[in-house]
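J.: Structure provided below as structure tokens; questions to follow.
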């Protein structure tokens with residue numbers, strides 16, 4: 001076990017892993033537990049991870065840990081894990097008030113969107129956080145999760161459709177914006 | 001047209017991220033020029049991108065590093081405790097097998113000048129007992145987890161034994177990783 005390398009990985013990925021867990025789980029204590037579990041797993045499996053692949057491996061672990069935890073919560077609530085088609089209409093009405101990420105000073109739109117994302121499947125929520133917040137490329141996510149880029153595009157498309165009620169655009173971006181992205 | 005719209009909508013995340021081939025990008029452009037519904041969908045994609053992309057990065061609590069190191073220390077201690085128990089069991093079994101080999105071997109593995117007093121029946125029985133003892137040893141080894149075996153025996157196990165342990169690479173997963 002290369003302790004120096006492990007320390008470097010811990011310091012270099014700690015906040016990234018924690019942030020991902022926080023925005024997936026929306027509970028600072030759970031996010032802390034998941035981050036801790038992810039790094040203990042990294043330590044246990046360190047010798048078997050290809051050099052240079054540790055960060056991606058960590059993202060996959062934290063993704064899986066978050067999904068497991070969200071499913072456990074749902075089971076505890078006796079939800080049986082079935083998707084609820086009306087969930088978006090029955091979101092807890094925080095009225096844009098501070099949520100679990102209070103210390104992060106999120107704006108109202110961010111809070112509404114995160115609330116709405118609670119209605120998505122746990123895996124989809126994590127993929128959205130990877131792509132939009134972590135700014136991971138679709139190809140990168142596909143490699144980390146062992147999925148195809150096409151499957152991810154469909155998953156994100158469906159999620160966006162589910163979230164359309166809270167995605168009221170302040171203004172239409174126009175074709176100029178689009179052309180800049182190409 | 002509806003099917004085409006769905007195809008375009010599926011591409012919008014990659015399109016907005018700039019992860020699309022130039023030829024496909026041109027096709028999306030030309031479709032958007034004539035389709036208000038897909039332009040509205042692109043607007044929602046941009047809102048999603050800006051809203052989630054604008055989330056602040058959270059800093060892990062200051063004590064998290066220490067908690068992680070403590071958890072690793074605990075895991076290591078548990079692992080050693082488990083290992084010491086299984087190391088003893090494995091060592092006893094191997095010692096028993098070795099003793100059996102020495103006792104059962106013709107001449108006791110010692111002076112070859114001593115006259116052979118073993119009958120064919122005794123030799124056959126001895127062989128069966130050796131096989132039985134080695135079988136027991138193999139079962140103990142089989143029940144010993146791979147990491148313990150490696151730590152106990154290092155790379156001294158014969159290749160045939162190592163292969164039989166089927167040491168797979170771990171699959172990173174939430175529950176079992």
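Residue numbers (this note's numbering), protein chains in the order written: chain U, 1 to 182; chain C, 1 to 177.
Beta carbons: idealized from backbone N, C-alpha and C, even for Gly.
All values reported here derive from a predicted model rather than from experimental measurement.
#1: Between the Cα of residue 14/C and those of 62/C, 128/C, 42/C, spot the shortest distance and give me the residue it belongs to.
#2: Under 8 angstroms, CB to CB, which of the residues in the region 33-61 of chain C have a partner in chain U?
#3: Going along chain U in order, which residues have a C-beta closer than 7 angstroms to the C-beta of residue 71/C?
#4: I'd like to know whether the C-beta of residue 177/U is nearer than 8 angstroms to at least one C-beta of chain C.
#5: Under 8 angstroms, Cβ to Cβ, is there at least one residue of chain C near residue 15/U?
#6: Apply the 10 Å Cβ neighbour rule to residue 127/U and answer buried if 16 or more other Cβ atoms are within range, or exposed otherwise.
#7: Given 8 angstroms as the limit, is there contact between the region 138-145 of chain U and the region 63-70 of chain C, that is, 3 or more CB pairs closer than that?
#8: Would you report the Cα separation of residue 3/C and residue 10/C, rounded to the nearest angstrom?
#9: With H, G and I counted as helix, E and B as strand and the rest as coil, what does DSSP make of residue 35/C?
#10: Just checking: is the beta-carbon of residue 133/U within a distance shorter than 8 angstroms of some beta-carbon in chain C?
#11: Compare the C-beta of residue 17/C with all C-beta atoms of chain U and state if any pair is closer than 8 angstroms.
#12: If you draw a straight line from the alpha carbon of residue 91/U to that of residue 9/U, how long is it in whole angstroms?
#13: Taking the straight line between their C-alpha atoms, what separation do you get for residue 172/U and residue 25/U?
#14: Below 8 angstroms on the Cβ atoms is my guess for residue 40/U versus residue 75/C; work out the distance and round it to an integer in Å.
#15: Secondary structure at residue 118/C, three-state DSSP: helix, strand or coil?
#16: Quick check on DSSP: helix, strand or coil for residue 121/U?
#17: Under 8 angstroms between C-beta atoms, does residue 229/U make it to chain C?
#18: Considering only the alpha carbon of each residue, which of 32/C, 17/C, 96/C lies closest to residue 7/C?
#19: So the candidates are 25/C, 125/C, 51/C, 136/C; which of them puts its Cα closest to the Cα of residue 95/C?
#20: For the pair the region 49-65 of chain U and the region 10-25 of chain U, tell me if three or more CB-CB distances fall below 8 angstroms.
#21: Under 8 angstroms between C-beta atoms, does residue 65/C make it to chain U?
#22: If you measure beta-carbon to beta-carbon, which residues of the region 137-148 of chain U are closer than 8 angstroms to chain C?
#23: Under 7 angstroms Cβ-Cβ, which residues of chain U neighbour residue 10/C?
#24: Take the Cβ of residue 45/C as the centre, count every other Cβ of all protein chains shown within 10 Å, and call the residue buried at 16 or more, exposed below.
#25: Using the beta-carbon count (16 or more within 10 Å), is residue 73/C buried or exposed?
#26: If you measure from the beta carbon of residue 23/C to each beta carbon in chain U, is any gap under 8 angstroms?
#27: So the candidates are 154/U, 110/U, 124/U; which of them puts its Cα closest to the Cα of residue 48/C?
#28: Got a sec, what are the start and stop residues for the alpha helix (DSSP H) residue 28/U sits in?
#29: DSSP on residue 136/U, reduced to helix/strand/coil?
#30: Let me know if residue 37/U comes out buried or exposed under the rule of 16 or more other beta-carbons within 10 Å of its beta-carbon.
#31: Using a Cβ-Cβ distance under 8 angstroms, would residue 32/U count as near chain C?
#32: So is residue 14/C in contact with chain U if we call contact Cβ pairs under 8 angstroms?
#33: Measuring only between beta-carbons, confirm whether residue 5/U sits less than 8 angstroms from chain C.
#34: For residue 104/U, which residues in chain C fall below 8 angstroms Cβ to Cβ?
#35: Which residues in chain C have a C-beta closer than 8 angstroms to the C-beta of residue 108/U? List them in chain order.
#36: What are the boundary residues of the alpha helix (DSSP H) that residue 59/U is part of?
T.: Put simply:
#1: Locating residue 14/C in the second chain gives position 14, counting from the first residue. Residue 42/C is the option with its Cα nearest to residue 14/C.
#2: 33, 39, 40, 41, 42, 43, 44, 45, 46, 47, 48, 49, 51, 52, 53, 54, 55, 56, 57, 58, 59, 60, 61
#3: Translated into the one-based positions of the second chain, residue 71/C becomes position 71. Here the neighbours are 36, 40.
#4: Taking the first chain and counting its residues from 1, one reaches residue 177/U at position 177. With a pLDDT of only 35 at residue 177/U, under the threshold of 50, the placement of this residue in the model should not be trusted; the figure read from the coordinates follows. Taking Cβ atoms only, chain C reaches closer than 8 angstroms to residue 177/U, which makes this a yes.
#5: Working through the first chain from its first residue, we reach residue 15/U at position 15. At least one chain C Cβ lies under 8 angstroms of residue 15/U.
#6: Residue mapping note: residue 127/U aligns to position 127 of the first chain, counting from 1. It is buried - the Cβ of residue 127/U has at least 16 other Cβ atoms within 10 Å.
#7: no
#8: Position 3 of the second chain, counted from the first residue, corresponds to residue 3/C. Position 10 of the second chain, counted from the first residue, corresponds to residue 10/C. Taking the straight line joining both Cα atoms gives about 11 angstroms.
#9: Residue numbering aside, residue 35/C sits at position 35 when the second chain is read from its first letter. Three-state result, residue 35/C: coil.
#10: Here residue 133/U corresponds to residue number 133 of the first chain, with the count starting at 1. It does: the Cβ of residue 133/U has a partner Cβ on chain C nearer than 8 angstroms.
#11: Translated into positions along the second chain, residue 17/C becomes position 17. So yes, residue 17/C belongs to the interface.
#12: Taking the first residue of the first chain as position 1, residue 91/U is located at position 91. Taking the first residue of the first chain as position 1, residue 9/U is located at position 9. For residue 91/U, the predicted model reports a pLDDT of 48, less than 50, meaning its position is unreliable; a value from the coordinates is still stated below. C-alpha separation (whole angstroms): 38 angstroms.
#13: Here the question's residue 172/U lines up with position 172 in the first chain. Here the question's residue 25/U lines up with position 25 in the first chain. With a pLDDT of only 45 at residue 172/U, under 50, the local geometry of the prediction cannot be trusted, and no value is derived from it.
#14: For the purposes of this step, residue 40/U is identified with residue 40 of the first chain, where counting begins at 1. For the purposes of this step, residue 75/C is identified with residue 75 of the second chain, where counting begins at 1. About 6 angstroms separates the two Cβ atoms, so the contact holds.
#15: Here residue 118/C refers to the residue found at position 118 when the second chain is read from its first residue. If DSSP states are grouped into helix, strand and coil, residue 118/C belongs with coil.
#16: Counting from 1 along the first chain, the entry for residue 121/U is found at position 121. Coil at residue 121/U, not helix or strand.
#17: Since the first residue of chain U shown is 1 and the last is 182, residue 229/U is not available in this structure.
#18: In the second chain, the residue the question calls residue 7/C occupies position 7. Ranking 32/C, 17/C, 96/C by Cα distance to residue 7/C puts 32/C first.
#19: Taking the first residue of the second chain as position 1, residue 95/C is located at position 95. If we check each option's Cα against that of residue 95/C, 136/C comes out closest.
#20: yes
#21: Within the second chain, the letter at position 65 stands for residue 65/C. With 8 angstroms as the cut-off, residue 65/C counts as an interface residue toward chain U.
#22: 137, 138, 139
#23: Residue numbering aside, residue 10/C sits at position 10 when the second chain is read from its first letter. 153, 154, 157, listed in chain order.
#24: For this step, residue 45/C is matched to residue 45 along the second chain. Its Cβ being crowded by 16 or more others within 10 Å, residue 45/C is buried.
#25: Numbered from 1 along the second chain, position 73 holds the residue referred to as residue 73/C. So residue 73/C counts as exposed.
#26: If you number the second chain from 1, residue 23/C lands on position 23. Output row for residue 23/C: interface = no.
#27: The residue labelled residue 48/C in the question sits at position 48 within the second chain. Among 154/U, 110/U, 124/U, the Cα nearest to that of residue 48/C is on 110/U.
#28: Stepping through the first chain from its first residue, residue 28/U is reached at position 28. It spans 28-44 - the alpha helix (DSSP H) in which residue 28/U sits, taken as one unbroken run.
#29: Against the first chain, residue 136/U aligns to sequence position 136. Here residue 136/U sits in coil by DSSP.
#30: Along the first chain, read from residue 1 onward, the residue named residue 37/U stands at position 37. Residue 37/U comes out buried.
#31: Numbered from 1 along the first chain, position 32 holds the residue referred to as residue 32/U. So, interface residue.
#32: Here residue 14/C refers to the residue found at position 14 when the second chain is read from its first residue. Yes, because at least one Cβ of chain U sits closer than 8 angstroms to the Cβ of residue 14/C.
#33: Here residue 5/U corresponds to residue number 5 of the first chain, with the count starting at 1. No, residue 5/U does not count as interfacial toward chain C.
#34: The residue labelled residue 104/U in the question sits at position 104 within the first chain. Within 8 angstroms Cβ-Cβ: 55, 56, 58.
#35: Indexing the first chain from 1 puts residue 108/U at position 108. Here the premise fails: no neighbours, minimum Cβ distance about 10 angstroms.
#36: Here the question's residue 59/U lines up with position 59 in the first chain. First-last of the alpha helix (DSSP H) with residue 59/U: 54-76.
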